[in-house]
Amino acid sequence: MPNIGYARQQIGLYLKHFRINSMQPSVRTQVALGIALGIDQKRVSNIECGYDEPSIKLAAKWCEITGWYEGWDMLTHMYRLDPFSLAPVDPILNQDVSDAILNLKKRDRGRRSNWSFRERGTKVEKNGA
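Per my numbering, the sequence shown runs over residues 22 to 150.
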């Protein structure tokens, strides 16, 4: 098994955490989340138990529906979509504002980047763009 911050084999555990602690109370059950995702409750259960691996598209939609946008960073790292990505820090730290700030500092410590966090519309743009 590769030595990465988040193992892809554990994706179900993180997605389960996102469901149970959803920012949207209406999708905290497997049945409700399954309806929102367009899958049945059994598949939600199988994904959370690790018997079934979701596609990247399904996992990203899961993060969006539950309101855990930090999950997108985790998915980017797990699926190695960005060769320069850092392993995200545990999403539990983002439940408190002060912990979230420390989380960001820890995650971005030593990281050189030319990205600006000023938003235009919904996109985060590069400096000078």
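Ideal Cβ placement from N, Cα and C applies to all residues, glycine included.
Any idea what DSSP makes of residue i, helix, strand or coil?
i	result
residue 49	coil
residue 71	coil
residue 35	helix
residue 79	helix
Starting from the C-beta of residue i, find all residues in its chain whose C-beta is less than 7 Å away, skip the five residues before and the five after it, and write them out in chain order.
i	result
residue 79	58
residue 81	93 and 96
residue 77	96 and 100
residue 71	30 and 33
Leaving out five residues on either side along the sequence, give the residues of the same chain with a beta carbon under 6 Å from the beta carbon of residue i.
i	result
residue 75	68
Roughly how many angstroms lie between the CA atoms of residue i and residue j, to the nearest whole one?
i	j	result
residue 65	residue 103	27 Å
residue 34	residue 55	16 Å
residue 51	residue 40	8 Å
residue 85	residue 36	11 Å
residue 53	residue 38	15 Å
residue 99	residue 47	27 Å
residue 43	residue 91	12 Å
residue 83	residue 49	11 Å
residue 63	residue 27	25 Å
Please tell me whether residue i has its Cβ less than 8 Å away from any Cβ of chain C.
i	result
residue 99	This model lacks chain C altogether; it includes just one protein chain.
Any heavy atom of the ligand MN inside 7 Å of the beta-carbon of residue i?
i	result
residue 103	With respect to small molecules bound, the structure shown includes none, and the ligand MN cannot be examined in it.
Which two residues bound the contiguous alpha helix (DSSP H) that contains residue i?
i	result
residue 61	Looking at the DSSP string, residue 61 is not in any alpha helix (DSSP H), and its letter there is neither H nor E.
residue 93	91 to 99
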